[in-house]
C-alpha cells in the first residue's frame with residue numbers, strides 16, 4: 068500500500084501529471100526510440116486515446132480501491148489484507164498491458180535497427196545507474212538510500228513517523244530478502260528479450276500472412292515482461308512481495324490514531340482528485 072500511495076504522489080501533482088500524461092509518456096518513450104515524424108504522430112495519437120480509455124474505464128476502479136483501503140486504515144491489518152490490495156493494483160496494471168498490445172504491435176512493425184541500437188544504449192545507461200544504486204555502491208550508502216526511500220513513502224501516507232517506527236523500518240530493511248543481483252539479472256533478461264524480439268521483427272518484416280506470427284511474438288513478449296519465465300526469479304518475487312505486505316502490516320499496526328487519520332485523509336484526497344479527473348472530458 069505504501070508503494071501504491073507513493074506512486075500517486077502529492078494530490079496536486081497527481082492531477083497535473085495525469086493531465087500531462089500523454090506528453091510525459093511520449094517524451095519518455097522517445098528517449099528510448101527517437102521516433103521519426105510518422106511514428107511520433109502515431110504514438111501521440113495512441114497515447115491520447117489511451118488516456119481517454121483510462122479516464123473512462125480505469126479511474127472509477129481506482130476510486131473504488133481507494134475507498135476500500137480507507138475503510139481498512141483505522142484498524143490493524145493483516146499481511147493477507149495488504150497483499151489483497153497489492154494484487155488489486157497489479158490486476159489494474161495488467162489491464163493496461165492488454166490495452167496497449169495492439170498499438171505496440173502496430174508500432175513495432177515500423178522500428179528500424181538504428182532505433183533498436185538507440186534503445187540498447189539507453190538500457191546500458193540505465194543499467195549503469197542501477198548498478199551504482201544497488202550493486203556496486205558502498206553497502207552502508209545503499210542501505211541508507213533504501214531507508215530514506217521507505218521513510219519517504221511512510222511519511223507520505225502517515226505524516227511524521229516516530230523514532231520507534233524509524234527503527235522498525237531500518238530493521239525491516241536489514242532483514243529484507245531483497246537480492247540486488249537477482250533483480251538485476253531479471254532486468255537484463257527483460258531488456259535482452261525486448262531487443263531480440265524487436266530485432267526479429269525488424270529483420271523479418273511481416274507479410275500479411277505473417278501478421279498472426281508477429282502478434283504471437285509481441286503477445287509472448289508482453290507476457291514474459293509481466294511473468295518471468297525464470298522460475299527462480301518468480302519464487303524470489305513471491306518472497307519479497309509477501310515480505311513487503313508483512314512489513315507494511317507490521318508498520319501500520321504500530322501507527323497511532325492520528326497517523327491513521329492522516330492516512331485516511333491522504334487517500335481521500337487522492338479519491339477526490341480521481342473523481343475530478345473522471346469528470347473532465
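In the working numbering, the protein residues as written are 68 to 348. We treat Cβ as the ideally placed atom computed from N, Cα and C, and that holds for glycine.
Check	Outcome
Identify, in the order they occur along the chain, each residue of the same chain with its Cβ nearer than 7 Å to the Cβ of residue 137, setting aside the five sequence neighbours on each side.	331, 334, 335
Could you tell me the alpha carbon to alpha carbon distance between residue 118 and residue 163, rounded to whole angstroms?	11 Å
Which runs of the alpha helix (DSSP H), 4 residues or longer, sit entirely within the stretch 143-192?	146-175
Could you compute how far the alpha carbon of residue 89 sits from the alpha carbon of residue 262?	24 Å
For the candidate residues 255, 250, 285, whose alpha-carbon lies nearest to that of residue 266?	285
When the Cα atoms are used, what is the spatial distance from residue 210 to residue 251?	17 Å
Out of 279, 206, 257, 269, which has the shortest C-alpha to C-alpha gap to residue 295?	257
For residue 214, I'd like the list of residues in its chain whose CB is within less than 8 Å of its CB, leaving aside the five on either flank, ordered along the chain.	236, 237, 240
Write down the C-beta distance between residue 316 and residue 124 rounded to the nearest angstrom, noting that I regard them as a contact closer than 8 Å.	Actually they do not touch by this definition, with Cβ atoms about 31 Å apart.
Compute the distance between the beta-carbons of residue 249 and residue 217, then report whether it is under 9 Å.	no
Can you tell which of 293, 244, 260 has the C-alpha that lies nearest to the C-alpha of residue 183?	260
Going straight from the alpha carbon of residue 141 to that of residue 319, what length do you get?	10 Å
Taking 9 Å as the cut-off, decide whether the C-beta atoms of residue 152 and residue 132 are in contact.	yes
Would you mind giving the Cβ-Cβ distance between residue 120 and residue 166, rounded to the nearest angstrom? I have them listed as a contact below 8 Å.	6 Å
So, are the CB atoms of residue 177 and residue 106 less than 9 Å apart?	yes
Please report the straight-line C-alpha distance between residue 192 and residue 98, rounded to a whole angstrom.	12 Å
Below 9 Å between beta carbons: does that hold for residue 244 and residue 303?	yes
Which residue wins for smallest C-alpha separation from residue 101, given the options 186, 116, 122, 168?	186
Shortest alpha-carbon distance to residue 129 belongs to which of 113, 338, 179, 198?	338
To the nearest angstrom, report how far apart residue 278 and residue 269 are at their CA atoms.	13 Å
Determine the contact status of residue 322 and residue 225, defining contact as a CB-CB distance below 9 Å.	yes
If I measure Cβ to Cβ from residue 82 and keep anything under 8 Å in the same chain, skipping five residues before and after, which residues do I get?	340, 343, 344
DSSP state of residue 280, grouped into three classes?	helix
Which term fits residue 135, buried or exposed, when burial requires 16 or more other beta carbons within 10 angstroms of its beta carbon?	exposed
Beta-carbon within less than 7 Å of residue 172's beta-carbon, same chain only, minus the 5 sequence neighbours each way: which residues are those?	281, 282, 285
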